[in-house]
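See below for the structure under consideration.
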Amino acid sequence: MNRILRRAFPLALGLVLPLAAQAADPVPAGERALAHDLLVQMIGTDTTSEHGSTTVLAEALAQRFLKAGFPAADVQVVGDDPKRRNLVVRLRGQGEREPVLLLAHLDVVEALPQDWHFPPFKLTEKDGYYYGRGTMDIKGAGAGLVATLLRLHQEGFKPKGDYILALTAGEEDGKSNGIQWLLAHRPELIRSQYSINVDGGGPEIRNGRPEVVAVETAEKVYASYTLTVRNPGGHSSLPTPDNAIYRLAAGLMRLSKLDFPLHTNSATRGYYAQLATLYTGSTAADMRAVARDPSDPAAMQRLAASSPYNNAHLRTTCVPTLLAGGDAENALPQMARATVNCRILPDEPPARVEAAIRKALEDPQIEVAPVAPAPASPPSPIDPALFAQVARTAKAVWGHAMPVSPYMSAGASDSVFLRAAGMPSYVFNGIPYDVDDDRSHGQDERILVTSYYQSLDFDYRLLKNL
């Protein structure tokens, strides 16, 4: 999921009342009730990889479309993994343009009840928020797409071209990834002019209201490496200086000092150009300097130092995320291993990153191996017509003009597979969110209640007018 990696600077925000007061609710009562029921159902269905199932939810949602009158041929639950199947629904259009793919993933990351203040797999409303695992990542936006397609079908609306809704498995952990399966086995089901992936992006709330609509057009390349040290081991009563854990730990300390070069691409330059309009003083000046081509090196350095978000958008990053070692507490370790996760700028070769890791470790006895090949992630070109329609829709929903800004995500989404297959992908949704209160993958995940229902208006207007 991408959205958690878009926060630039903390802002003091008074959110619930200002956002709720911006406009009267244009969503019909029946649509609100349907959207609420959908969110209850989707949050209440455990779709974690370990003990849940996307198939259960995909089949339940398929029944909603079939009961609404969608032809059976246009509602398909597909996939080889019995627990991780995908739903693909087609709303037929007039054939005047190529189809547009609407994408959301059904799976969510684990949530342990003892870690939360609310039941994670039950939708809870409290103090103007909806709580539950997946509210933000990304069942909230997925429920909005389902509700909108059902509403358009009920109204007899025929878009210029087909809308294809794909609700997929395996985005979070990569197991039986739905988009990869569809591209490999049923590409005809999702073949489209471009995709709108709701797994991130959208209206950022600043100063109490949505101020900018961020549309992801590029993302960093996801690549992990294992660092392994092997040793004969022995009994712990006879320790030796050559200890696998010591050697690995020393290498990791050297790796912690590795900083990759700072540079920008068209997506980051466009994003900082728009973001500069929301700031003043030296911060705005640095953003404008970074938005130029070539970017100002000193300004990049200051921005990178200002927050983890800016640092992640201006350079490749690598960080240890997993550790393992030893077989017993009374035995010297025969193996110690760390997993290092890298997020590589799209124009930086992964081989260069691996070479930099080896150089930083300064120890040939630490084996470095990629976990899997790094997927290509070519940026999607900015689509002026789509961006203009997003801007018109945002103004109609929230009552004021706001910039639509391309950006590069420091996270990862299924858009990487679509782009690699030649399909442009644009990542955004219509749920306004507080840039300083993103709880995706974390404790007490939540979205504003008003944001959820405003997103229904956004989705409806956008899909009617594309």
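Numbering (mature numbering (1 follows the signal peptide of the UniProt record, and there is no 0)), first residue to last: -23 to -1, 1 to 443.
Backbone N, C-alpha and C fix where the C-beta goes; we use that ideal spot for every residue, glycine too.
**OP:** Spatial neighbours of residue 250 within its chain, please: CB distance less than 6 Å, with the 5 preceding and 5 following residues excluded, ordered by chain position.
**Re:** 268
Original post:
Going along the chain, which unbroken runs of the beta strand (DSSP E) with 3 or more residues stay wholly within the stretch 262 to 310?
Top reply: 294 to 302
**OP:** Compare the beta carbon distance of residue 98 and residue 23 with 8 Å and say whether it is the shorter of the two.
**Re:** yes
**OP:** Count the other C-beta atoms from every protein chain shown that fall within 10 angstroms of the C-beta of residue 331, then say buried if there are 16 or more, exposed otherwise.
**Re:** buried
Original post:
DSSP on residue 198, reduced to helix/strand/coil?
Top reply: strand
**OP:** Would you tell me roughly how many angstroms separate the C-alpha atoms of residue 74 and residue 429, rounded to the nearest one?
**Re:** 29 Å
Subject >> Alpha carbon of residue 377 to alpha carbon of residue 179, nearest angstrom >> reply: 15 Å
Original post:
Is the distance from the Cβ of residue 321 to the Cβ of residue 327 below 8 Å?
Top reply: yes
Subject >> Extent of the continuous alpha helix (DSSP H) to which residue 331 belongs >> reply: 327 to 338
**OP:** Report all residues from its chain with a CB closer than 7 Å to the CB of residue 33; omit the five preceding and five following residues, and keep chain order.
**Re:** 22
Subject >> Three-state class that DSSP yields for residue 315 in the structure shown >> reply: strand
Original post:
Which residues in the same chain as residue -13 place their Cβ atom closer than 8 Å to its Cβ, once the five residues preceding and following it in sequence are excluded?
Top reply: Note that residue -13 has pLDDT 34, beneath the 50 cutoff, so the model's placement of it is unreliable and no number is given.
Subject >> Rounded C-alpha distance that separates residue 278 from residue 102 >> reply: 42 Å
Original post:
Since residue 53 is in the alpha helix (DSSP H), which residue starts that stretch and which ends it?
Top reply: Run containing residue 53: none in the alpha helix (DSSP H); it sits in the beta strand (DSSP E), 52 to 55.
**OP:** Specify the secondary structure class of residue 411 as computed by DSSP and reduced to three states.
**Re:** strand
Subject >> Same chain, Cβ closer than 6 Å to residue 493, neighbours up to 5 away in sequence not counted >> reply: Past the boundaries of the shown model lies residue 493; the chain is included only from -23 to 443, so the question cannot be answered.
Subject >> residue 296 classed as buried or exposed, judged by whether at least 16 other C-beta atoms fall within 10 angstroms >> reply: exposed
Original post:
Given a threshold of 16 other Cβ atoms within 10 Å of its Cβ, counted over all protein chains shown, does residue 325 qualify as buried or as exposed?
Top reply: buried
Subject >> Inside the stretch 44 to 87 only - beta strand (DSSP E) runs reaching at least 3 residues >> reply: 52 to 55, 63 to 68, 77 to 82
**OP:** Would you grab the beta carbon distance between residue 146 and residue 41 for me? Rounded to a whole angstrom, and I think it's under 8 Å.
**Re:** Not quite, the Cβ-Cβ distance comes to about 18 Å (not below 8 Å), so this is no contact.
**OP:** Report the option in 189, 27, 15 whose CA atom is closest to the CA atom of residue 35.
**Re:** 15
Original post:
Just reading off the beta strand (DSSP E) that residue 8 is part of, what are its end residues?
Top reply: No beta strand (DSSP E) holds residue 8; the alpha helix (DSSP H) holding it covers 6 to 21.
Original post:
Between which two residues does the alpha helix (DSSP H) harbouring residue 243 extend?
Top reply: 243 to 252
**OP:** If I'm right that residue 165 touches residue 177 with Cβ under 8 Å, what's the distance once you round it to whole angstroms?
**Re:** About 27 Å separates the two Cβ atoms, so there is no contact after all.
Original post:
To which residues of the same chain is residue 89 closer than 6 Å at the C-beta, ignoring the five residues directly before and after it?
Top reply: none
Original post:
Below 8 Å between beta carbons: does that hold for residue 171 and residue 401?
Top reply: yes
Original post:
What does a CB cutoff of less than 8 Å around residue 367 pick up in its chain, not counting 5 residues either side in sequence?
Top reply: 190, 192, 381, 405, 439
Original post:
If we ignore side chains and look at the alpha-carbon of each, how far apart do residue 384 and residue 304 end up?
Top reply: 45 Å
Subject >> Distance CB(residue 79)-CB(residue 142) smaller than 8 Å >> reply: yes
Original post:
Could you check where the alpha helix (DSSP H) with residue 239 kicks off and where it finishes?
Top reply: It is not in any alpha helix (DSSP H) - residue 239 carries neither H nor E in the DSSP assignment.
Subject >> Host alpha helix (DSSP H) of residue 341 (start-end) >> reply: Premise fails: residue 341 is in no alpha helix (DSSP H) and is neither H nor E.
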